[in-house]
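Colleague: Note that our numbering gives residue 38 to position 50 of the sequence shown, counting from 1, and the numbers run on in steps of one.
Yeah, the Cβ is synthetic: ideal placement off N, Cα and C, and Gly gets one too.
I am attaching a structure below and will ask some questions about it afterwards.
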Amino acid sequence: MSVDIGEDGCSAHTPWRSFGAVKFATLTWVDWFNNRRLLEPIGNIPPAEAEERYYAMLDHQPVAA
-11 MSVDIGEDGC SAHTPWRSFG AVKFATLTWV DWFNNRRLLE PIGNIPPAEA
39 EERYYAMLDH QPVAA
């Protein structure tokens, strides 16, 4: 199987050597997608940082009495 995953540096133009290599490449891409890619609509920050800011904001909202 010859696969080109994307511009994030995780690509292969030669056949995969093993199922473990495919699994590792997939998990590497998923980690990049969830934690390090920059999203322009939310201020060019990674999704993980946006999630952290969101939950921090919820912790600091005043509660109506």
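Run through DSSP, which three-state label would leucine 27 get?
Modeller: Strand.
Colleague: Check whether the Cβ atoms of leucine 46 and proline 35 lie closer than 8 Å to each other.
Modeller: No, these two residues do not count as a Cβ contact at 8 Å.
Colleague: Which residues mark the beginning and the end of the alpha helix (DSSP H) in which arginine 41 is found?
Modeller: Unbroken alpha helix (DSSP H) run through arginine 41: 35 to 47.
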